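K.L.:
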Amino acid sequence: MGTIPAGFGAEEGMLTIGGRRVDALVAEAGDTPLFVYDFGLVRQRVDRFRAAFPGVQLHYAVKANPFAPLLGSILNLVDGLDVASAGELRLALLQGAPPETVSFAGPGKRDTELEEAIRAGVTLNCESEGEAERAIAIGQRLAKAPKLAVRVNPDFEIRGSGMRMGGGAKPFGVDAERVPALVRRIVDAGADWRGFHIFAGSQALDAGALIDAQRATLDLAANLSEAVGAAPATLNLGGGFGIPYFHGEQSLDLKFVGDALIDNLNSRAQVLENTVIFIELGRWLVGEAGVYLTRIVDRKVSHGKTFLVTDGGMHHQLAASGNFGQVVRRNYPVAIANRMDEPPTEEASIVGCLCTPLDRLGDDLLVPSAAPGDLIAIFLAGAYGLTASPQIFLAQQPAGELLVGV
Ligand SMILES: *Cc1c(COP(=O)(O)O)cnc(C)c1O
Numbered sequence: 006m007g008t009i010p011a012g013f014g015a016e017e018g019m020l021t022i023g024g025r026r027v028d029a030l031v032a033e034a035g036d037t038p039l040f041v042y043d044f045g046l047v048r049q050r051v052d053r054f055r056a057a058f059p060g061v062q063l064h065y066a067v068k069a070n071p072f073a074p075l076l077g078s079i080l081n082l083v084d085g086l087d088v089a090s091a092g093e094l095r096l097a098l099l100q101g102a103p104p105e106t107v108s109f110a111g112p113g114k115r116d117t118e119l120e121e122a123i124r125a126g127v128t129l130n131c132e133s134e135g136e137a138e139r140a141i142a143i144g145q146r147l148a149k150a151p152k153l154a155v156r157v158n159p160d161f162e163i164r165g166s167g168m169r170m171g172g173g174a175k176p177f178g179v180d181a182e183r184v185p186a187l188v189r190r191i192v193d194a195g196a197d198w199r200g201f202h203i204f205a206g207s208q209a210l211d212a213g214a215l216i217d218a219q220r221a222t223l224d225l226a227a228n229l230s231e232a233v234g235a236a237p238a239t240l241n242l243g244g245g246f247g248i249p250y251f252h253g254e255q256s257l258d259l260k261f262v263g264d265a266l267i268d269n270l271n272s273r274a275q276v277l278e279n280t281v282i283f284i285e286l287g288r289w290l291v292g293e294a295g296v297y298l299t300r301i302v303d304r305k306v307s308h309g310k311t312f313l314v315t316d317g318g319m320h321h322q323l324a325a326s327g328n329f330g331q332v333v334r335r336n337y338p339v340a341i342a343n344r345m346d347e348p349p350t351e352e353a354s355i356v357g358c359l360c361t362p363l364d365r366l367g368d369d370l371l372v373p374s375a376a377p378g379d380l381i382a383i384f385l386a387g388a389y390g391l392t393a394s395p396q397i398f399l400a401q402q403p404a405g406e407l408l409v410g411v
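Per our numbering, the sequence shown starts with residue 6, numbered consecutively.
1. Who are the near neighbours of E105 in its chain, counting only those whose CB is closer than 7 Å to its CB and skipping five residues on each side?
2. Would P71 be called buried (16 or more neighbouring beta carbons within 10 Å of its own) or exposed?
3. Could you give the distance in angstroms between the alpha-carbon of P159 and the alpha-carbon of V88?
4. Quick one: is D268 buried, meaning 16 or more other Cβ sit within 10 Å of its Cβ, or exposed?
5. What does the alpha-carbon distance come out to for the pair V281 and Q401?
6. Would DSSP call K149 helix, strand or coil?
7. Within its chain, find whatever has a CB closer than 6 Å to the CB of A154; leave out the 5 residues flanking it on each side and keep chain order.
8. Using 8 Å as the threshold, is the stretch 313-329 in touch with the stretch 357-367, meaning 3 or more CB pairs across them?
9. Whole beta strand (DSSP E) runs in the stretch 332-387 with 3 or more residues, listed along the chain?
10. For N279, name the three-state secondary structure that DSSP assigns.
11. Determine whether the beta carbon atoms of R53 and L259 lie at a separation below 7 Å.
12. Whole angstroms are fine: how far does the CA of H64 sit from the CA of D316?
13. Who's in the neighbourhood of ligand 3, going by beta-carbon under 5 Å from any heavy atom, listed in chain order?
14. According to DSSP, is N81 helix, strand or coil?
15. So, with DSSP's three-state summary, where would you put D303?
16. Grab the span of the alpha helix (DSSP H) containing I9 for me, first residue to last.
17. What three-state label does DSSP hand A254 in the structure shown?
18. Over what stretch of residues does the beta strand (DSSP E) that includes V107 continue unbroken?
19. Could you check how far apart the C-beta atoms of K68 and G287 are, in whole angstroms? I think they sit under 8 Å.
20. So for V51, helix, strand or coil by DSSP?
21. Among I301, R300 and L215, which residue has its Cα nearest to the Cα of A265?
22. Between L277 and the rest of its own chain, which residues show a CB-CB distance below 8 Å, the 5 nearest in sequence each way excluded?
23. Buried or exposed for Q219, going by 16 or more other Cβ atoms inside 10 Å?
24. May I ask you to list the residues that DSSP assigns as paired with R190?
25. Of the residues R156, I163, V51 and D197, which one's Cα is nearest the Cα of R183?
26. Helix or strand or just coil, what does DSSP make of R115?
27. What are the start and end residues of the beta strand (DSSP E) that includes Q219?
28. May I ask you to report which of helix, strand or coil DSSP gives L75?
29. How is the alpha helix (DSSP H) around K260 delimited, first residue to last?
30. Within this structure, are the beta carbons of K152 and D197 separated by less than 7 Å?
31. Consult DSSP for G295 and reduce its assignment to one of helix, strand or coil.
32. Given this structure, state the Cα-to-Cα distance separating V41 from G234, to the nearest angstrom.
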């Protein structure tokens with residue numbers, strides 16, 4: 006089992022989130038299952054980023070957690086939002102995000118989505134030549150120059166990253182060697198060319214690998230700009246900062262990555278001198294700030310093994326069940342939230358309420374003896390939680406969400 010992230014407390018044996026007891030939070034929300042996000046922890050993350058990356062802009066990738074109150078609060082702390090659908094674009098604009106600070110990436114954008122983005126004045130990160138042509142045509146029809154950046158499929162990836170988004174044949178971005186021609190086409194068509202978006206991987210914990218990828222990204226952007234013969238207004242370096250989920254994983258050394266990037270920026274190619282550099286982060290900003298709370302409904306023994314059966318499961322927190330990109334199922338950090346002061350005394354497995362063997366929330370854990378009515382806390386639920394889970398599977402009850410610490 007991984008380590009419970011820093012920033013949580015306990016009061017009389019009851020877990021606290023943002024200084025509030027979880028039993029009171031459940032009462033406030035009305036019931037379990039419930040996601041609670043501590044905005045105080047998100048704010049600390051932003052502060053740490055600012056300290057480590059002076060002069061680099063920070064964007065929030067909405068898909069990590071689009072909960073409206075969280076989005077409304079985080080957009081005041083960051084320099085922009087990255088959305089990956091017209092639905093996310095609407096969520097961002099509804100919360101008051103200035104359109105000129107929003108960029109829209111993602112394959113398979115429909116004409117209606119392109120039109121919505123162009124009308125709103127957000128930057129489209131073009132994923133292909135075909136998409137760029139459609140955006141240009143829509144801009145001409147609307148008599149409005151679309152803001153177009155080109156997403157580059159780099160010829161490298163972040164070594165050891167959890168999810169590969171670049172390198173080789175990919176549905177994302179335009180292969181690097183075809184990018185200069187596309188940029189020339191965008192400029193010739195009278196569109197507002199905004200620059201490059203180069204996203205090489207996700208969930209990276211190895212600072213050295215991130216540093217290498219960022220250096221390679223700067224070099225690639227400089228080479229492409231020189232080939233185009235124009236300086237990009239912006240360069241989105243991607244993100245990919247990971248968080249430790251499992252036993253033995255270590256937090257990313259942020260200062261190490263920041264110092265190296267600042268060094269590389271100080272010696273950057275002249276063509277990038279006035280380019281605004283930004284990094285887009287999802288998981289690293291919000292992942293550790295969220296906790297998924299569920300209640301034990303049943304306690305049973307089968308062939309000598311104890312099962313704690315909860316009212317939640319993979320329909321809310323798919324990732325903790327091991328079915329969201331993991332190769333081998335491993336346990337997220339878990340606690341019996343109302344027995345934080347009790348020592349572990351027994352081995353038990355925590356499962357969800359879905360009638361499928363996939364619905365496992367913790368295998369063979371050493372926990373204090375727990376009973377129906379007790380609360381289970383599953384940590385690291387702030388990113389790719391509720392909206393990355395099959396919520397309508399089995400028509401189970403929905404989960405609540407609560408933001409504290411604003
Ligand atoms: C998913 C995604 C992100 C966020 O990735 P994290 O690993 O959560 O930081 C950023 N940019 C793009 C283009 C994405 O698709």
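All C-beta atoms, glycine included, are put in the ideal place defined by N, C-alpha and C. Only a predicted model underlies this, so the values are computations on that prediction, with no experimental measurement involved.
P.N.:
Here's the rundown:
1. G126
2. buried
3. 21 Å
4. exposed
5. 46 Å
6. coil
7. T128, N130, R199, G200 and H202
8. yes
9. 339-341, 351-356, 365-372 and 380-384
10. coil
11. yes
12. 35 Å
13. What this structure holds is ligand 1, not ligand 3.
14. coil
15. strand
16. Unbroken run through I9: none, as it is neither H nor E.
17. According to the sequence provided, residue 254 is Glu. The question's Ala does not apply to it. E254: coil per DSSP, three-state reduction.
18. V107 to F109
19. 6 Å
20. helix
21. L215
22. L223, A226, A227, S230, A236, P237 and L240
23. buried
24. Per DSSP, none; premise fails for R190.
25. R156
26. coil
27. Run containing Q219: none in the beta strand (DSSP E); it sits in the alpha helix (DSSP H), A212 to V233.
28. helix
29. L259 to N271
30. yes
31. strand
32. 49 Å
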